[in-house]
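Quick notes on the structure that follows.
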Amino acid sequence: MALASSINCAETDLTADFRDQFLQTFQHMMLSRVLEEKLGSLYRAGGRIVGGVYLGKGQEAFSAALGIQLRKGKDVYAPLIRDQAGRIAFGEPIIDTVRTYLGAVTGPMRGRDGNIHRGRPKEGHMAMISHLGSMLAVASGALFARRLAGTLGDSVGATSIGDGGTSTGAFHEGLNMAAVEKLPMIVSVANNQYAYSTPNTRQYACENLVDRAAGYGVEGVTVDATDLASCLKAFRAAVARARSGGGPQMVVGTLLRLSGHGEHDDASYIPDKARHAPNARDCLQVAEEFACAHGWMTPAEVRELHEEVRRTVDQTVSKVSKEPTPDPYKENWQALSCAELVEGQYKA
Amino acid sequence: MSITYLEAIREAQYEALRSDPSVFLYGQDIATFGGAFKATKNLSREFPNRVFDSPISEDAMIGMAVGAAVEGARPIVEMQFADFSSIGFNQIINQAATLYWRTNVPCPITIRMPSGGTAGSGPFHSQSMEAIYAHYPGLVIVTPATVEDAYWMLLDSVEINDPVVFCEHKFLYYHLKADRIGDRELPIGKARIARPGRHATIVTYSAMVHEALRAAEELQLDGYQIEVVDLRSVKPMDTDTILASVARTGRLLALGEAFPWGGVTAEIIARVTTEGFHLLDAPPMRLNSKDTPIPYHPNLWKAHRPTTATIAAALRTLLRH
Numbered sequence: 001m002a003l004a005s006s007i008n009c010a011e012t013d014l015t016a017d018f019r020d021q022f023l024q025t026f027q028h029m030m031l032s033r034v035l036e037e038k039l040g041s042l043y044r045a046g047g048r049i050v051g052g053v054y055l056g057k058g059q060e061a062f063s064a065a066l067g068i069q070l071r072k073g074k075d076v077y078a079p080l081i082r083d084q085a086g087r088i089a090f091g092e093p094i095i096d097t098v099r100t101y102l103g104a105v106t107g108p109m110r111g112r113d114g115n116i117h118r119g120r121p122k123e124g125h126m127a128m129i130s131h132l133g134s135m136l137a138v139a140s141g142a143l144f145a146r147r148l149a150g151t152l153g154d155s156v157g158a159t160s161i162g163d164g165g166t167s168t169g170a171f172h173e174g175l176n177m178a179a180v181e182k183l184p185m186i187v188s189v190a191n192n193q194y195a196y197s198t199p200n201t202r203q204y205a206c207e208n209l210v211d212r213a214a215g216y217g218v219e220g221v222t223v224d225a226t227d228l229a230s231c232l233k234a235f236r237a238a239v240a241r242a243r244s245g246g247g248p249q250m251v252v253g254t255l256l257r258l259s260g261h262g263e264h265d266d267a268s269y270i271p272d273k274a275r276h277a278p279n280a281r282d283c284l285q286v287a288e289e290f291a292c293a294h295g296w297m298t299p300a301e302v303r304e305l306h307e308e309v310r311r312t313v314d315q316t317v318s319k320v321s322k323e324p325t326p327d328p329y330k331e332n333w334q335a336l337s338c339a340e341l342v343e344g345q346y347k348a
Numbered sequence: 001m002s003i004t005y006l007e008a009i010r011e012a013q014y015e016a017l018r019s020d021p022s023v024f025l026y027g028q029d030i031a032t033f034g035g036a037f038k039a040t041k042n043l044s045r046e047f048p049n050r051v052f053d054s055p056i057s058e059d060a061m062i063g064m065a066v067g068a069a070v071e072g073a074r075p076i077v078e079m080q081f082a083d084f085s086s087i088g089f090n091q092i093i094n095q096a097a098t099l100y101w102r103t104n105v106p107c108p109i110t111i112r113m114p115s116g117g118t119a120g121s122g123p124f125h126s127q128s129m130e131a132i133y134a135h136y137p138g139l140v141i142v143t144p145a146t147v148e149d150a151y152w153m154l155l156d157s158v159e160i161n162d163p164v165v166f167c168e169h170k171f172l173y174y175h176l177k178a179d180r181i182g183d184r185e186l187p188i189g190k191a192r193i194a195r196p197g198r199h200a201t202i203v204t205y206s207a208m209v210h211e212a213l214r215a216a217e218e219l220q221l222d223g224y225q226i227e228v229v230d231l232r233s234v235k236p237m238d239t240d241t242i243l244a245s246v247a248r249t250g251r252l253l254a255l256g257e258a259f260p261w262g263g264v265t266a267e268i269i270a271r272v273t274t275e276g277f278h279l280l281d282a283p284p285m286r287l288n289s290k291d292t293p294i295p296y297h298p299n300l301w302k303a304h305r306p307t308t309a310t311i312a313a314a315l316r317t318l319l320r321h
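Residue numbers (UniProt numbering), protein chains in the order written: chain A, 1 to 348; chain B, 1 to 321.
Written out as C-alpha cells, the structure reads:
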C-alpha cells in the first residue's frame, strides 16, 4: 500500500458522471461564495450579525468535493470552520447558516450558539466546538455505535481540520483511535498555510503534512485544493476506500485561504509573494474556467447561475431578518435534559 | 456472603450490559485484563462485543462516547485514574456538557473516575476532580460513599440522559463491604442523613463520610451528637437537606478530601451562609486536604488528607463557639 501519494485529475477521468458531479459541486461552491460574501458585508455593515464571521473563501473546492460524496441521512459529517461549501454540498440548507449567524431562534442552535458551530447531530451533522481536532473522535464515535448496533452498513464519517489543527493532541488521539478501530473515517486537512496568523514553519517541522497519515497506518494523499477536478477525484477515491472497509483515509489539500481567519482579520501577515503563488489561485475561478474549457458550461450560464444564487441568498437573508430572536425570559436556562437533575429542582 | 464497593461497581456494569443492549464499555485495559482495579473483571468474557480496550487517549475516548451517545448508545467510559481525565477535560466540559443545551440532543454517557487518595499513590493517582467538573453546567457529578450507592447510582448514571461523572473512591474499593445490596432508595440529587445528631452537622461525601462517622463516634464519648450528611451527588447538591440539618444543629463543618481552594466545601458553606445564615450559631468551618500536591509516602499522605482525628479536632473547635 502506498501510504502517501499525490492526486491529479487526468482527461481520462472525465466521464459523464464525473461531469455531473463537477457541475453540481460548482453550483454549491458558487452558492457558498455568494452566501459568504453576503455574510461578510452584513458583518461589515454592523448590527445584524451577532458574533464573528468565519469564511471559507478559497477552500470551497476542497470542502465541497468532500461534502458532495456524503449521503445526508446516512453518513456522518463533522465540518469545521471553513466548510460552508461542504455543508451545502452535504445538504445543509443555507437558511440554517443565516439563522445561526443572525442568532434567530428558528435556527438549529436557537441563538444559543452561533456562526460556524451549527449542526443537527441526530441527522448525522455534528455541531462543531471551537477546540480543534475534537470532532474527529466524535464522528468516530457515531460510526462506532452504529457498528455495535449493526447499522453501520457502508456509511462513512468525515471531518475537516486545518494545518494548525493537526498540531493538537485531540487530532492525534482521534486519528490514532479511528485507525485502531478501523473506522470508515475521512479526514480532510486543508493546508491553507496559516493557522490564524501562524505560518506553516511555526506549526510543524515535518516536510509534508500527509506524512502524518503513515504514522497511524492511515492511507493519505495530497491534492491541489485549488483544482476542483483533482479534489473530486481524491475524495471519491478516499470515500470509496473507506466505504469498502479500507479504514480511515486522509486527504491533504494545499491552498491559500483567500480571506483572513475571520472577517475581523485583514490577513496582512500574508506576504504578497504567497498571494501570487500557484496555490493561491481562486478555486471558484479555476473551476469555472475548467467547466467552460470542457464545454460543460458557457460564460453566460455561469453568469445566470451567479444571478440565481444571489437571489436565493438575498431572499433567505430577508426572510430570516424577520424571524424572532431568542428571549431571555422565555429561555428555560436548563443545561441538562433531565429537569429533575437541574440544581434546586428536587422536592422531597 | 458479602460484596465490596468495587464488586458493586462491577455488578452494576454487568447489570447495565445485561439489561440494555445499547450499553458498552470503553477504557484502558478493561477487556481481557479486567481493568487496572479489576472493576470490569470477566465482563468482556460475558459481553465479548461490548467491552473494549481503548488506546491511551482520554480525549478521544470521551469524544467517541459523545458521538456514540448521539447515535443512541449509552457508553460507560473508564478513566483509569480520575487524574487522567484532565486529558479528556475538553471533551467533557466543552463537548459532552454543552451538547444538549446547544443542540437539544441529550448526551447519555457515564464517565467512571477512580478518584481520591490511597497510601503510596502520590500526586498523579490520588486526585479528586469532582469540583472541577461540577463547575461546568451540563454535567451530573455523583460521589457514592456506600456499596449500595456504588451499585444503584452507577445504574442510575447509565439510565440518565445526561453526561454523568461518576467519582468512585479507590480507597473504598476493598475497604468497604456490605452483606448484600439492598433496594434502590434515594434518587441522584438527594442527600442522605448518614447519622442523626443535634449538636453539629458534618456535610461531606465519598470516602470522607466514613472518616466523619468515626469522628462522630469519638465525639459521642464527649456527649455530642454529630449529624453526618452524605451528599451522594455533589451536583445536583441537595441544599434542602443540608439546610434542614443545619437548622437542627446550628453548626456546620463542610468536609472534603479534595484540595481546599474553591470546590465542594466552599460551595456548601456559600449555600448555607447565603440561604441559612440565620440558622447558624457559630461560624461555619471547612476541612479539606492541604493545599499541596498529594504526597507519596504514607506518613505524609495520612497527614495531608482529613482524618478521624483532624475532623474530631475541628468539631471540638466548632462546638466550643
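Virtual Cβ for every residue (Gly too), placed ideally from N, Cα, C. Since we're looking at a predicted model, the values are computed, not measured.
Contact between B:Ala191 and B:Asp156 is ruled out by a C-beta separation of about 15 Å, above the 8 Å threshold. Annotated as proximal: B:Leu315 and B:Ile226, with beta-carbon spacing under 8 Å. Within chain A, no residue has its CB atom less than 7 Å from the CB of B:Val142, the nearest being about 10 Å off. Of the candidates B:His321, B:Arg112, B:Phe84, the residue whose Cα lies closest to the Cα of B:Met285 is B:His321. If you keep only unbroken alpha helix (DSSP H) runs of at least 4 residues inside the stretch 167-248 of chain A, you get 169-180, 211-215, 228-243. Contacts between A:Ser134 and chain B, judged by CB atoms closer than 8 Å, involve Asp59, Gly63, Asn90, Gln91, Asn94, Gln95 in chain order. With a threshold of 8 Å between beta carbons, A:Leu102 makes no contact with chain B.
Annotation for B:Phe52: no alpha helix (DSSP H) segment contains it, though the beta strand (DSSP E) segment containing it runs 51-53.
Across the set B:Ala247, B:Asp179, B:Arg271, the C-alpha of B:Asp179 shows the shortest separation from the C-alpha of B:Ile3.
When rounded, the separation of the alpha-carbon atoms in B:Gly67 and B:Ala60 is 10 Å. In terms of CA proximity to B:Ser128, B:Ile294 leads the group B:Pro283, B:Gly63, B:Ile294, B:Leu176. For the stretch 138-149 of chain A, the set of positions with a beta-carbon nearer than 9 Å to some beta-carbon of chain B reads Val138, Ala139, Ser140, Gly141, Ala142, Leu143, Phe144, Ala145, Arg146, Leu148, Ala149 in chain order.
No Cβ-Cβ contact shorter than 8 Å links A:Phe62 with A:Ala267. Distance from the CA of B:Gly88 to the CA of B:Ser57, rounded to the nearest whole angstrom, comes to 8 Å. Across the stretch 133-165 of chain B, CB contacts with chain A closer than 7 Å involve Pro137, Gly138, Val140, Ile160, Asn161, Asp162, in sequence order along the chain. The three-state secondary structure of B:Tyr5, taken from DSSP, is helix.
In the structure shown, B:Pro298 adopts helical secondary structure according to DSSP, grouped into three states.
By the criterion of a C-beta distance shorter than 6 Å, A:Ala280 is surrounded in its chain by Leu256, once the five residues flanking it on both sides are discounted. By the criterion of a C-beta distance shorter than 7 Å, A:Leu209 is surrounded in its chain by Asp163, Thr166, Val189, Asn191, Val252, once the five residues flanking it on both sides are discounted. In summary, the residues of the stretch 227-238 of chain B whose CB is separated from some CB of chain A by less than 8 Å are Lys235, Pro236, Met237, Asp238, in the order they occur in the chain.
Against A:Asp113, the close residues of chain B are Arg102, in the order they occur along the chain (beta-carbon pairs closer than 7 Å). Contact between the stretch 306-321 of chain A and the stretch 83-103 of chain A is present: 3 or more CB-CB pairs across the two stretches fall below 8 Å. When the alpha-carbon of A:Glu207 is set against those of A:Tyr216, A:Ala237, A:Thr222, the nearest one is in A:Thr222. Boundaries of the alpha helix (DSSP H) around B:Leu155: 147-159. Of B:Gly120, B:Pro21, B:Ala97, the smallest CA-CA separation from B:Ile132 is found for B:Ala97. Closest in alpha carbon position to A:Leu66, among A:Tyr54, A:Leu80, A:Ser6, is A:Leu80.
At least one CB of chain A lies nearer than 8 Å to the CB of B:Ala73. In this model, B:His175 and B:Ala39 are separated by some 15 Å (Cα to Cα). Looking only at B:Gly116, B:His125, B:Arg102, the smallest Cα-Cα distance to A:Gly114 is reached by B:Arg102. With contact defined as three or more Cβ pairs closer than 8 Å, the stretch 144-159 of chain B and the stretch 2-18 of chain B are in contact.
Non-local beta-carbon contacts of A:Thr168 in its own chain, meaning distances under 7 Å to residues more than five positions away in sequence, involve Leu132, Gly133 in chain order. Listed along the chain, the chain A residues whose CB falls inside 8 Å of the CB of B:Arg50 are Leu148. Taking a C-beta cut-off of 9 Å against chain B, the contacting residues of the stretch 69-98 of chain A are Val76, Ala78, listed in chain order. The DSSP-derived three-state label of B:Ala191 is coil. For the pair A:Ala64 and A:Ser32, the CB atoms are nearer than the 8 Å cut-off. Apart from the 5 residues on each side of it in sequence, B:Ala12 sits with its Cβ closer than 6 Å to the Cβ of Tyr151, Leu154, Leu155 in its chain, given in chain order.
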